[in-house]
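Residue numbers (our numbering): 309 to 411. Think of the CB as a built atom: it goes at the ideal place given N, C-alpha and C, for glycine as much as any other residue. Just so you know, these numbers come straight off a predicted model, no measurement behind them.
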Amino acid sequence: MIFDAMSRHKSRTLSLSVFKSHIAKGRENATIAEKPEADESSPFAFFREIPTIKQATRMLIAEAMKRADGNQSVAAKMLGISQPALSKRLKAENAKDKAKSAA
309 MIFDAMSRHK SRTLSLSVFK SHIAKGRENA TIAEKPEADE SSPFAFFREI PTIKQATRML
369 IAEAMKRADG NQSVAAKMLG ISQPALSKRL KAENAKDKAK SAA
């Protein structure tokens with residue numbers, strides 16, 4: 309770490325940025341190593357990492373729409389939200405998908 313910091317500094321004063329980034333990487337690696345394995349009875353056991361709230365929401369909506377054969381009212385009831393709320397989420401996702409494909 310010290311050798312790396314010495315080789316990267318460009319002025320007469322040694323910068324702490326290299327030390328800070330090295331320490332941050334060490335903490336990140338330690339956190340990753342300490343993650344416990346998921347219990348096999350957990351619905352998330354097959355995920356390597358827990359999905360984010362956004363990812364989980366997208367997956368739940370997609371699964372509900374699939375099980376409801378595309379019927380938004382039925383899917384909304386499965387999810388415990390109103391049909392207009394589901395419709396709003398679907399429109400927002402479609403707009404994001406169109407924007408990505410246009411770019």
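| Item | Value |
| --- | --- |
| The region 347–355 contacting the region 370–387, beta-carbon criterion three pairs below 8 Å | no |
| Beta-carbon spacing of M256, A376 below 8 Å | As shown, the chain starts at 309 and ends at 411. That puts residue 256 outside it, with no answer to give. |
| With 16 other Cβ atoms within 10 Å as the buried cut-off, status of L394 | buried |
| Buried or exposed by the 16-neighbour rule on C-beta atoms within 10 Å, applied to A384 | buried |
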